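Data first, discussion second: the structure below is written as structure tokens.
Number of protein chains: 2
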Amino acid sequence: MPASKRDQLLATAEQLFYEEGFHATGIDRIVAAAGVVRMTLYNHFASKEALVAAVLATRHERFMASLDTATASAVPGQVTRALVDAHGRWLEDHSPHGCIMVKAMGEFAEHSTEIHALAVAAKADLLARLEASLARDGLDHQDGLARQLFMVLEGSNTAVALQGTQTALADTQALTDTLLSVAQGKTE
Amino acid sequence: MPASKRDQLLATAEQLFYEEGFHATGIDRIVAAAGVVRMTLYNHFASKEALVAAVLATRHERFMASLDTATASAVPGQVTRALVDAHGRWLEDHSPHGCIMVKAMGEFAEHSTEIHALAVAAKADLLARLEASLARDGLDHQDGLARQLFMVLEGSNTAVALQGTQTALADTQALTDTLLSVAQGKTE
DNA sequence: CTTTATATAGACCGATCCATCTATATACGG
DNA sequence: CCGTATATAGATGGATCGGTCTATATAAAG
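Residue numbers (UniProt numbering), protein chains in the order written: chain X, 1 to 188; chain R, 1 to 188.
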């Protein structure tokens with residue numbers, strides 16, 4: 001079946017919001033690009049803010065699903081590496097110009113508590129996945145290791161945007177390996 | 001002497017842009033908050049885009065000066081640590097909600113090549129400072145170490161915004177120490 | 001055939017956007 | 001004292017903003 005108008009709007013809005021910014025993208029631009037009429041948007045979403053929230057929520061779902069798929073089949077000792085690799089593939093495929101949640105936090109911190117909270121929750125989800133992965137790798141004893149790896153992934157977002165996937169993802173992997181090796185050493 | 005109108009405008013615009021976003025902050029808001037009339041702004045800046053560029057440029061100057069001051073007096077072997085600490089103090093004092101350059105890249109990538117280039121250049125300056133610091137510490141042999149530390153600092157920006165300075169800066173320091181210790185070990 | 005849901009076309013609203021204009025006022029330096 | 005620079009006050013411009021409205025059209029489900 002063809003994508004519903006609602007899905008067309010979500011996909012179009014996601015692309016425009018990500019590439020051109022939230023406030024800089026008007027409703028008219030979105031409906032025109034989606035090949036849909038103005039009222040159709042307001043039939044599916046109560047407001048622009050609701051549309052933004054829906055875009056972020058659905059994108060985050062896909063992001064989490066891709067991480068979970070990648071780690072599900074990983075063997076113990078390689079779960080965290082699999083997670084970091086999956087994160088890198090996401091950047092490569094869907095997020096080469098910075099993280100949409102970070103952008104949303106920057107644009108809506110003072111304008112929408114709902115959207116800001118949604119972005120913060122998304123980051124908390126990522127940190128939780130790191131903690132779970134470390135646990136499966138037997139590395140959950142080190143206080144702060146999950147947060148340190150989280151910091152690396154956040155930096156990787158910006159590094160990819162500035163230096164390209166080739167360099168940035170190689171650096172991310174090397175950095176992660178160093179951290180995990182040190183952590184492994186402290187265990188034995 | 002009291003701050004010039006131009007400086008008042010720069011300071012006010014910097015605060016509003018940083019806290020509320022660039023596109024979300026209108027000219028009227030800025031002039032009202034600065035206690036200045038509309039034409040005064042256009043007497044000093046050709047356009048809103050020029051104002052944004054001036055804000056980013058002056059802020060970046062201050063940022064670089066604070067880094068250089070901190071590293072100038074550092075003893076060899078502690079220069080990079082001093083740089084990372086100075087970066088942390090900057091986040092604490094002036095940038096607790098994310099990096100303004102990252103925000104600018106997100107909002108202007110598709111709208112102003114001048115502003116985008118300015119932000120990219122600012123990030124290149126930071127990376128260059130890391131390379132110079134590592135050289136003074138005798139750690140410039142390790143390929144990619146500067147970029148890895150850069151990645152950590154970029155992640156630190158977001159981590160501070162999400163977890164607060166207390167936790168995030170402690171994690172940043174621990175992470176940096178690990179990386180520098182490993183690099184030091186590889187030298188001997 | 002008729003009901004219900006969804007989409008279209010397009011006018012309309014007040015608000016705000018960035019930018020420009022003229023005319024007046026203030027203040028400092030030669 | 002006079003000229004230049006800077007600031008003020010306030011109107012004005014066209015464009016776009018997010019959001020609402022009505023009337024019409026389509027199509028599937030009863």
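All C-beta atoms, glycine included, are put in the ideal place defined by N, C-alpha and C.
Since this is a predicted model, take the numbers as computed values, not measurements.
Open item on the list: Does the contact criterion of 3 or more C-beta pairs under 8 angstroms hold for the stretch 131–146 of chain X versus the stretch 69–80 of chain X?
Closed with: By the Cβ rule, the stretch 131–146 of chain X counts as touching the stretch 69–80 of chain X, because three or more pairs are nearer than 8 angstroms.
Task: Where E20/X falls, given that 16 or more other Cβ within 10 Å makes a residue buried - done: When all chains shown are included, E20/X counts as buried.
Open item on the list: Quick check: what's the CA-CA separation for A109/R versus A119/R?
Closed with: Whole-angstrom Cα-Cα distance: 10 angstroms.
Task: Three CB pairs or more closer than 8 angstroms across the stretch 1–20 of chain X and the stretch 62–78 of chain X - done: The stretch 1–20 of chain X, when compared against the stretch 62–78 of chain X, does not touch it at the 8 angstroms Cβ threshold.
Open item on the list: When you compare the CB positions of V182/R and V182/X, do they come within less than 8 angstroms of one another, or not?
Closed with: The answer is yes: Cβ separation under 8 angstroms.
Task: Helix, strand or coil at H87/X [DSSP, three-state] - done: Residue state, collapsed to three classes: helix.
TODO: Look at the alpha carbon of T12/X and the alpha carbon of A161/R, and state the distance between them as a whole number of angstroms.
DONE: As the crow flies, the alpha-carbon of T12/X is around 29 angstroms from that of A161/R.
TODO: Give the straight-line distance between the Cα atoms of L149/R and A65/X, rounded to the nearest whole angstrom.
DONE: Cα to Cα, the separation comes out at about 30 angstroms.
Open item on the list: So with CB distances below 7 angstroms, who are the chain X contacts of K103/R?
Closed with: Within 7 angstroms Cβ-Cβ: G106.
Task: Beta-carbon contacts of residue 189/R that lie in its chain and below 6 angstroms, excluding the five residues immediately before and after - done: Nothing can be reported for residue 189/R, as the shown portion of chain R is limited to 1 through 188.
Task: Under 7 angstroms by beta carbon: chain R residues contacting M64/X - done: Counting only Cβ-Cβ distances below 7 angstroms, M64/X has no contacts in chain R at all, with the closest Cβ about 17 angstroms away.
Task: Contact list for G26/X against chain R, beta-carbon separation under 8 angstroms - done: From the beta-carbon of G26/X, no residue of chain R is found nearer than 8 angstroms; the closest lies around 11 angstroms away.
TODO: Could you tell me the distance, in whole angstroms, from the CA atom of P96/X to the CA atom of L169/X?
DONE: The straight-line gap from Cα to Cα measures roughly 11 angstroms.
TODO: State buried or exposed for G88/X, treating a residue as buried only when at least 16 other CB atoms are found within 10 Å of its CB.
DONE: Counting Cβ neighbours within 10 Å, G88/X comes out buried, since at least 16 surround it.
Task: S112/X (DSSP reduced to helix, strand or coil) - done: Coil.
Task: Residue nearest to W90/R in terms of C-alpha spacing, selected from H111/R, L67/R, A74/R - done: Minimum Cα distance to W90/R is reached at L67/R.
Open item on the list: Check whether chain X comes within 8 angstroms of H111/R, counting only Cβ atoms and requiring the distance to be less than that.
Closed with: True, the Cβ-Cβ gap to chain X drops below 8 angstroms.
- [ ] For D140/X, decide whether its Cβ has a neighbour in chain R, counting only Cβ atoms nearer than 8 angstroms.
- [x] Not an interface residue.
Task: V31/R classed as buried or exposed, judged by whether at least 16 other C-beta atoms fall within 10 angstroms - done: If you draw a 10 Å sphere on the C-beta of V31/R, you find 16 or more other C-beta atoms in it, and that means buried.
- [ ] Please look up how many angstroms separate the CB atoms of A101/X and A74/X, rounded, as I've assumed it's under 8 angstroms.
- [x] The sequence as given places Met at residue 101/X; Ala does not occur at that position. Not confirmed; about 24 angstroms, so no contact.
Task: Nonlocal neighbours in the same chain, by C-beta distance under 6 angstroms from A70/R, ignoring five residues either side - done: Excluding its 5 nearest sequence neighbours in each direction, A70/R has C-beta neighbours in its own chain below 6 angstroms: A82, A86, listed in chain order.
Open item on the list: Once DSSP output is grouped into helix, strand and coil, what is the label at M1/R?
Closed with: Annotation note: pLDDT 48 at M1/R (below 50); position unreliable, no value reported.
Open item on the list: Contact criterion: CB-CB distance below 8 angstroms. Does R147/X meet it with respect to chain R?
Closed with: For R147/X, the closest Cβ of chain R is nearer than 8 angstroms.
Open item on the list: Which residue wins for smallest C-alpha separation from A146/X, given the options T176/X, T158/X, G164/X, Q163/X?
Closed with: Among T176/X, T158/X, G164/X, Q163/X, the Cα nearest to that of A146/X belongs to T176/X.
- [ ] Compute the distance between the beta-carbons of A104/R and L56/R, then report whether it is under 8 angstroms.
- [x] Contact: yes.
Task: Length of the line joining the Cα atoms of D125/R and V84/R - done: Between the C-alpha atoms of D125/R and V84/R there is a straight-line separation of about 14 angstroms.
Open item on the list: Are the CB atoms of Q8/X and V36/X within a distance shorter than 8 angstroms?
Closed with: The answer is yes: Cβ separation under 8 angstroms.
- [ ] Using 10 angstroms around the beta-carbon of T113/X, count the other beta-carbons present and answer buried if the total reaches 16, otherwise exposed.
- [x] By the neighbour-count rule (16 or more Cβ atoms within 10 Å), T113/X is not buried but exposed.
Task: Whole-angstrom distance between G106/X and E154/X, CA atom to CA atom - done: Between E154/X and G106/X, the C-alpha separation is close to 14 angstroms.
- [ ] Reducing DSSP to helix, strand and coil, say where T25/R ends up.
- [x] Here T25/R carries a coil assignment [DSSP, helix/strand/coil].
Open item on the list: Strictly below 8 angstroms CB to CB, what residues from chain R border V182/X?
Closed with: The answer, in chain order, is T178, V182.
Open item on the list: Can you tell me whether S133/R is helix, strand or coil according to DSSP?
Closed with: Helix.
Open item on the list: Below 7 angstroms on C-beta distance, what does V120/R contact in chain X?
Closed with: Result: L162.
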